[in-house]
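Going by the numbering used here, 146 is the number at position 52 of the sequence shown; the sequence numbering is gapless.
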Amino acid sequence: MRSTPLQRGEATRVVLDVLAYFDEPAAAYVRRRHRELQSQGLRNDEIFERIRHELPHRAVAPPDLSMRQLRRLVYG
């Protein structure tokens, strides 16, 4: 709050949003990103490749997941 022009309530919301983002389990992240990228018109092979490259950059990176494992997270 001291380093931004945000009011206390706004700053609290931002902090809670960031914490929720980093608290998201890998499986939930994969499903959410799949929906987001699919809504942008990307095809599954592009989607899963992009997600596979994004996962290691998460705050707590999951183990390396294969394309098949990513598909199973989304489609069961």
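All C-beta atoms, glycine included, are put in the ideal place defined by N, C-alpha and C.
Once DSSP output is grouped into helix, strand and coil, what is the label at residue i?
i      : result
Ala120 : helix
Thr98  : coil
Gly135 : coil
Val154 : coil
Quick check: what's the CA-CA separation for residue i versus residue j?
i      : j      : result
Arg182 : Gln163 : In this structure the chain extends from 95 to 170, so residue 182 is not present and cannot be described.
Glu148 : Arg96  : 32 Å
Asp117 : Asn138 : 25 Å
Val154 : Ala114 : 13 Å
Leu131 : Gln101 : 33 Å
Quick check on the burial criterion: 16 or more other C-beta atoms within 10 angstroms. Buried or exposed for residue i?
i      : result
Leu159 : buried
His151 : exposed
Which residues mark the beginning and the end of the alpha helix (DSSP H) in which residue i is found?
i      : result
Leu167 : 161 to 169
Meets three-Cβ-pair contact criterion under 8 Å: the segment 140 to 148 and the segment 98 to 107: Touching, no, given that fewer than three Cβ pairs across the two stretches are closer than 8 Å.
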